[in-house]
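Heads up: the sequence shown begins at 145 in my numbering, then just goes up one per residue.
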Amino acid sequence: MLNAFENVKCKIRCPNLVLFVFAIKYEIHNDASVSFAIMLITISSTGKQYIMRDGYTYYRHLAMKVGYRWSCTHSSRCNARIIVDDNGRVLSTNGEHLHPPPKYHVLPNGTYVKV
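Spelled out as structure tokens, the structure:
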């Protein structure tokens with residue numbers, strides 16, 4: 145359960161990529177610890193949006209009443225997906241990844257390149 149929420153945004157402009165960083169702060173009732181989840185929302189040079197969360201990448205798959213469903217970019221066999229509202233809050237995560245996260249190299253200009 146969430147009893148505190150804070151959404152912090154910063155915007156970094158690069159020649160081929162725009163990065164939006166969402167830091168989501170929430171408090172867990174069980175042990176009253178504070179945790180952070182960080183998501184990168186990237187826009188490729190072709191204009192497609194992707195989310196990078198916990199090392200995995202997702203593409204915007206389906207518009208819903210409460211936001212968007214994002215599905216894993218690895219393959220159609222991986223059923224991992226997340227639902228994110230219009231404010232960048234993760235509403236739910238479904239499924240587990242059937243593969244390790246992809247590896248990326250970050251160029252000096254901030255561009256992520258899949259290795």
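Glycine included, each C-beta is placed from N, C-alpha and C at the ideal position.
Just verifying my parser: in three-state terms, what is the DSSP assignment at Leu184? Counting from one through the sequence shown, the residue named residue 184 turns up at place 40. It is a strand residue.
If contact is defined by three or more beta carbon pairs under 8 Å, each pair taking one atom from either stretch, is the region 215-234 in contact with the region 195-205? Two segments are said to touch when three or more pairs of C-beta atoms, one from each, lie closer than 8 Å; by this definition the region 195-205 touches the region 215-234.
In the structure shown, what three-state DSSP assignment does Thr217 receive? Residue numbering aside, residue 217 sits at position 73 when the sequence shown is read from its first letter. Thr217 falls in the coil class under three-state DSSP.
With a cut-off of 8 Å on the beta carbons, I'd call Gly211 and Leu235 a contact; round off their distance for me. As a working note, residue 211 is residue 67 in the sequence shown. As a working note, residue 235 is residue 91 in the sequence shown. Correct: roughly 7 Å between the Cβ atoms.
Where do the ends of the beta strand (DSSP E) carrying Lys258 lie? As a first step, residue 258 must be located in the sequence shown, where it is residue number 114. Unbroken beta strand (DSSP E) run through Lys258: 256-258.
What does the alpha-carbon distance come out to for the pair Leu242 and Ser219? For the purposes of this step, residue 242 is identified with residue 98 of the sequence shown, where counting begins at 1. For the purposes of this step, residue 219 is identified with residue 75 of the sequence shown, where counting begins at 1. So the two alpha carbons sit approximately 10 Å from each other.
Between which two residues does the beta strand (DSSP E) harbouring His249 extend? For the purposes of this step, residue 249 is taken as the residue at position 105 of the sequence shown. Counting along the chain, the unbroken beta strand (DSSP E) around His249 starts and ends at 248-250.
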